[in-house]
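The next block holds one structure in the form of structure tokens; read it before the comments.
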Amino acid sequence: MNKLQGFVIYMFCLISSVYCQSKGDGSKLTDYMDSLSYIIGRDVGAQLRELDSNIRMSPFSFGVQQGISNVSSLIDSAHSDSIRRRFATEIQEKMQKKQDELASANSRTGEEFLTKNKKRSDVKTTSSGLQYIIVKKGKGPKPSTSDSVKVMYKGMLLDSTVFDSTTSGNPAVLDLNRIIPGLAEGIQLMNVGSTYRFFVPPDLGYGPQGAPPAIPPNATLIFDITLEDIVGKEMKSKL
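Right, here's the structure in full:
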């Protein structure tokens, strides 16, 4: 919740720096300061909406005015701190609930996909639950757990959203000891020169935490991997 508190402090500092008494309705922006004030107000409002905070505009605006005027607060310091802590706890609980709901939904979607995908004639499944398709079979050696490998890859969500990939002509070097379990297992099945497509369940990927913001909680992932070479044990990048 430090980020939330930092955001609130930052925004109130900005509001204090640009706030002025205006007799207009606020919708007529005549100069730079009007525009800046409007933008900051929009940003604060959007953030509060995202936090589902139900802030009431009348006391909110009155509090801003009192803060700028430096008059005595209607609420003493100890009580203010208590309210802030309660607010932070409520927001944290709401965010965790949304995270849990998303994780459950993704888990169900992933299970349904993998159950159906497993029935395809070209899909193989390992004892861990990793699924894969051999797109192209290479003839080179296979890497071991302690190796680093040079690969071209593309990582996707089930809706085909690409969350990571190597740039054209620039392979990544990955340490098999430091990547997600599903890819570490899968790449060791490959001969150099091979191209595989892997279907990675959440427990072999990023799990209930995901990898925000690109990978949501309990996401089933798809990776297209081309194994170009085995280059040793030094890690050059991490997937």
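If you want the numbering used here, it's the position in the sequence shown, counting the first as 1, plus 344.
Idealized CB from N, CA, C, for every residue including glycine.
Buried or exposed: where does residue i fall if 16 or more other Cβ atoms within 10 Å of its Cβ makes it buried?
i: Glu-529; result: buried
i: Asn-538; result: The sequence shown places Ser at residue 538, rather than the Asn named in the question. Buried: at least 16 other Cβ atoms inside 10 Å.
i: Met-401; result: exposed
i: Ser-512; result: exposed
i: Leu-418; result: exposed
i: Gln-365; result: Residue placement at Gln-365 cannot be trusted, given a pLDDT of 46 that sits under 50; what the coordinates show is reported in the next sentence. So Gln-365 counts as exposed.
i: Lys-367; result: In this prediction, Lys-367 has a pLDDT of 48, which is less than 50 and means its spatial position is unreliable; what the coordinates show is noted afterwards. It is exposed - the Cβ of Lys-367 has fewer than 16 other Cβ atoms within 10 Å.
i: Tyr-376; result: exposed
i: Ser-504; result: exposed
i: Phe-404; result: exposed
i: Glu-437; result: exposed
i: Val-415; result: exposed
i: Glu-456; result: exposed
i: Ala-388; result: According to the sequence shown, residue 388 is Val rather than Ala. Label assigned to Val-388: buried.
Can residue i and residue j be called in contact, C-beta distance under 8 Å?
i: Ile-569; j: Phe-542; result: yes
i: Tyr-476; j: Tyr-540; result: yes
i: Val-495; j: Leu-518; result: yes
i: Leu-527; j: Thr-489; result: no
i: Ala-447; j: Pro-557; result: no
i: Gly-499; j: Leu-548; result: no
DSSP on residue i, reduced to helix/strand/coil?
i: Leu-518; result: strand
i: Lys-468; result: strand
i: Val-408; result: helix
i: Asp-444; result: helix
i: Lys-483; result: coil
i: Lys-460; result: helix
i: Leu-527; result: helix
i: Tyr-550; result: coil
i: Asp-568; result: strand
i: Thr-539; result: strand
i: Lys-372; result: coil
i: Met-439; result: helix
i: Val-362; result: With a pLDDT of 47 at Val-362, under the threshold of 50, the modelled position of this residue cannot be trusted, and the question is left open.
i: Ser-397; result: coil
i: Gly-389; result: helix
i: Gly-499; result: strand
i: Ser-504; result: coil
i: Ile-559; result: strand
Leaving out five residues before and five after residue i in sequence, what residues of the same chain have Cβ atoms less than 7 Å from its Cβ?
i: Thr-470; result: Glu-529
i: Asp-466; result: Ile-477
i: Gly-554; result: Pro-560, Pro-561, Ala-563
i: Pro-487; result: Val-493, Leu-520, Ile-531, Gln-532, Ile-574
Tell me which same chain residues have a C-beta within less than 8 Å of the C-beta of residue i, skipping the five on either side of it?
i: Gly-454; result: Leu-502, Pro-545, Pro-546, Asn-562, Ala-563, Thr-564
i: Asn-450; result: Pro-546, Pro-560, Pro-561, Asn-562, Ala-563, Thr-564
i: Pro-485; result: Asn-535, Val-536, Ile-574
i: Ile-427; result: Ile-419
i: Gln-410; result: Ser-417, Leu-418
Closest to residue i by CA distance: which of the options is it?
i: Lys-480; options: Glu-445, Met-534, Pro-403, Val-575; result: Met-534
i: Asn-398; options: Ile-435, Lys-468, Glu-456; result: Ile-435
i: Phe-431; options: Leu-395, Asp-420, Lys-372; result: Leu-395
i: Ile-524; options: Ile-566, Thr-459, Ala-390; result: Ile-566
i: Gly-482; options: Gly-389, Asp-491, Leu-571; result: Leu-571
i: Arg-393; options: Gln-443, His-423, Ala-422, Met-439; result: Met-439
i: Ala-516; options: Tyr-497, Phe-507, Gln-410; result: Tyr-497
Residue i CB to nearest chain D CB: under 8 Å?
i: Lys-486; result: Annotation note: the requested chain D is absent from the structure, which comprises a single protein chain.
With a CB to CB cut of under 6 Å and the five nearest residues on each side skipped, what residues in its chain are close to residue i?
i: Asp-468; result: Checking the sequence shown, residue 468 turns out to be Lys, not Asp. So the list reads Tyr-476, once near-sequence residues are dropped.
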